[in-house]
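Step one of this worksheet: look at the structure below.
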Amino acid sequence: MRLGAQLSQAHGFDVVIREAGSAGLSALQLFSRNPVGGQGKSLPPAGSLKPVLREAGIERLYIHAPYFVNPAAIDEAMVGRARVALKQEMRRAKRLSGDYVVLHPGHWQDKARREESLAAFVDTVAIMLEAPGRVLVENTAGQGRELGADFLELQQIFQGIGRTRRVGLMLDTAHAMAFGYPLSSRDDVERLLERVDENVGIERLQGIHLNDSLYPVGSRRDRHARLLSGCLGREALGALLRWCDASHCPLVLETPGRDTIQRQPDIGIIREVCQEESACVSPSTVFYPTASPPR
Numbered sequence: 004m005r006l007g008a009q010l011s012q013a014h015g016f017d018v019v020i021r022e023a024g025s026a027g028l029s030a031l032q033l034f035s036r037n038p039v040g041g042q043g044k045s046l047p048p049a050g051s052l053k054p055v056l057r058e059a060g061i062e063r064l065y066i067h068a069p070y071f072v073n074p075a076a077i078d079e080a081m082v083g084r085a086r087v088a089l090k091q092e093m094r095r096a097k098r099l100s101g102d103y104v105v106l107h108p109g110h111w112q113d114k115a116r117r118e119e120s121l122a123a124f125v126d127t128v129a130i131m132l133e134a135p136g137r138v139l140v141e142n143t144a145g146q147g148r149e150l151g152a153d154f155l156e157l158q159q160i161f162q163g164i165g166r167t168r169r170v171g172l173m174l175d176t177a178h179a180m181a182f183g184y185p186l187s188s189r190d191d192v193e194r195l196l197e198r199v200d201e202n203v204g205i206e207r208l209q210g211i212h213l214n215d216s217l218y219p220v221g222s223r224r225d226r227h228a229r230l231l232s233g234c235l236g237r238e239a240l241g242a243l244l245r246w247c248d249a250s251h252c253p254l255v256l257e258t259p260g261r262d263t264i265q266r267q268p269d270i271g272i273i274r275e276v277c278q279e280e281s282a283c284v285s286p287s288t289v290f291y292p293t294a295s296p297p298r
């Protein structure tokens, strides 16, 4: 099973990659810059991280887009700035040898013009793809004016983007619960993955942000919690681990913490539940639609 985490690169990109590898992780998510604004920090030479990633055993590197841009803005100046920044982010990800840029769909500015915001986001993704690289659209919690929480809305987004291997889905479990999809049982996991398959296509699912939700199901409040300390059930966690092992879909922890030491409680829970589920040993029975192995 490919397990990863969002870690801080404050001490250097090579340092955090080695830290992740030493902790036994095989996936990693980073910000290439301060996610809330300011100048992007200088990057190492292009291609220089490839041998570091290989030696550390990191098979998948996700670069999360910054939060200060609104890729769905209908104000021309605002969306223009967002598109410049996100196209630059694609280039930064390539320089870091990243596999995907993970992107939230943004916010509507005028509720009566929500459809225009969705169309603006689709156009933003198209402009990002003018640069080399791949994009993962992440579902949101539906907090405030957020777009992309409802899978029907995600379906509309992906239909607008069209069929391309360069755009996929990042499923966030805390966001799904916050919007109203319970994850307490095996059946809940099956229903959620069936919804993904029906509305987006399971083959587009190229990563799962494995998080618990501090607030109740349907609260539309985005606050991550440590695994099994919120709404996520142990049975559901086991089912997710089992499915991800069988489908080769990476899991990325975004639970509280900035380094692998602070994430040890969550990693420990995953190991326990894996043993209970006999997951991570290529189970012979796959009871959910199977995602295509990531390319």
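Numbering-wise (the numbering used here), the sequence shown opens with residue 4 and increments by one.
Glycine included, every Cβ here is placed at the ideal spot set by N, Cα and C.
Can you check DSSP and say which residues form a bridge with residue i?
i: residue 305; result: Nothing can be reported for residue 305, as the shown portion of the chain is limited to 4 through 298.
i: residue 34; result: 67
i: residue 211; result: 174, 254
i: residue 12; result: Paired residue(s): none; residue 12 is not in a bridge.
i: residue 149; result: 110
i: residue 228; result: 215
i: residue 138; result: 104, 170
i: residue 6; result: 254
Count the other CB atoms, across all protein chains shown, that sit within 10 Å of the CB of residue i; report buried if there are 16 or more and exposed otherwise.
i: residue 15; result: exposed
i: residue 155; result: exposed
i: residue 103; result: buried
i: residue 118; result: exposed
i: residue 37; result: exposed
i: residue 25; result: exposed
i: residue 82; result: buried
i: residue 92; result: buried
Kindly indicate which three-state DSSP category residue i falls into: helix, strand or coil?
i: residue 265; result: coil
i: residue 178; result: helix
i: residue 121; result: helix
i: residue 192; result: helix
i: residue 183; result: coil
i: residue 238; result: helix
i: residue 105; result: strand
i: residue 25; result: helix
i: residue 133; result: coil
By how many angstroms is the C-alpha of residue j removed from the C-alpha of residue i?
i: residue 298; j: residue 153; result: Because the pLDDT of residue 298 is 37, which lies under 50, any placement of that residue in the model is unreliable, and the number read from its coordinates should be weighed accordingly. Going by the C-alpha atoms only, they are around 27 Å apart.
i: residue 239; j: residue 250; result: 16 Å
i: residue 212; j: residue 136; result: 20 Å
i: residue 31; j: residue 49; result: 18 Å
i: residue 256; j: residue 231; result: 13 Å
i: residue 281; j: residue 52; result: 34 Å
i: residue 285; j: residue 112; result: Its pLDDT being 39, under 50, residue 285 is placed unreliably in this model, and the coordinates cannot settle the point.
i: residue 126; j: residue 148; result: 19 Å
i: residue 54; j: residue 247; result: 26 Å
i: residue 139; j: residue 73; result: 16 Å
i: residue 22; j: residue 35; result: 17 Å
i: residue 144; j: residue 223; result: 5 Å
Closer than 8 Å, CB to CB, is residue i near chain B or not?
i: residue 13; result: The displayed structure is made up of one protein chain only, and chain B is not part of it.
For residue i, verify whether its CB is less than 7 Å away from any heavy atom of the ligand MG.
i: residue 71; result: Because no ligand of any kind appears in the structure shown, any question about the ligand MG cannot be addressed here.
Quick test of the definition: if touching needs 3 or more C-beta pairs under 8 Å, does the stretch 61-71 touch the stretch 96-104? The answer is yes - the stretch 96-104 touches the stretch 61-71, with three or more Cβ pairs under 8 Å.
Does the count of Cβ pairs from the stretch 174-193 and the stretch 110-127 closer than 8 Å reach three? no
So, do the stretch 171-179 and the stretch 119-135 have three or more beta carbon pairs nearer to each other than 8 Å? no
Specify whether the stretch 192-203 and the stretch 218-235 touch according to this definition: at least 3 beta carbon pairs, one from each stretch, less than 8 Å apart. no
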